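Enquirer: Positions 10 to 104 (the working numbering) are the ones given, in order, by the sequence shown. Where is the CB? At the ideal position from N, CA and C, for every residue including glycine. These numbers were taken from a predicted model, which means no experiment stands behind them. I'd like to ask some things about the structure below.
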Amino acid sequence: MVKKDISRKQRGREKDEVVFPLSETLLQMPENYGGFIKEIKARIVKTRLESVLAANSAMILLYWEIGNAILQRQKIVQRAVAQFFGAVTSPSSTN
């Protein structure tokens with residue numbers, strides 16, 4: 010086991026009247042602590058991305074279903090207009 014130099018337990022510039030102590034736990038962190046934190050961050054980023062993609066897929070499906078429902082109702086309206094007005098023609102179907 011390699012001994013670390015822990016003689017200075019403060020941060021920033023040294024001033025005689027001010028000392029900002031570090032907790033002992035920060036000085037005694039295991040060697041793989043940085044890798045552990047990176048792994049957790051990577052998992053968070055991955056899960057966030059998966060959540061966004063899943064939400065986007067669900068929204069696209071919802072929009073398609075709404076568009077399809079509107080299209081089906083437009084067809085019904087066009088049939089009803091044709092039945093009611095028969096051979097009456099106009100420049101466009103919306104007039």
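Quick one: what does DSSP say residue 40 is sitting in, helix, strand or coil?
Expert: Looking at residue 40 - three-state DSSP - the assignment turns out to be coil, as it is neither helix nor strand.
Enquirer: In this structure, does DSSP put residue 59 in helix, strand or coil?
Expert: Three-state DSSP puts residue 59 in a helix.
Enquirer: Please return the same chain residues whose Cβ sits closer than 7 Å to the Cβ of residue 145, not counting the five positions on each side in sequence.
Expert: The chain is shown from 10 up to 104; residue 145 falls before or after that span and cannot be answered.
Enquirer: What does the alpha-carbon distance come out to for the pair residue 60 and residue 39?
Expert: Straight-line Cα distance between these residues: approximately 32 Å.
Enquirer: Roughly how many angstroms separate the alpha carbons of residue 70 and residue 77, rounded to a whole number?
Expert: Computed Cα separation, rounded: 10 Å.
Enquirer: So for residue 74, helix, strand or coil by DSSP?
Expert: Three-state result, residue 74: helix.
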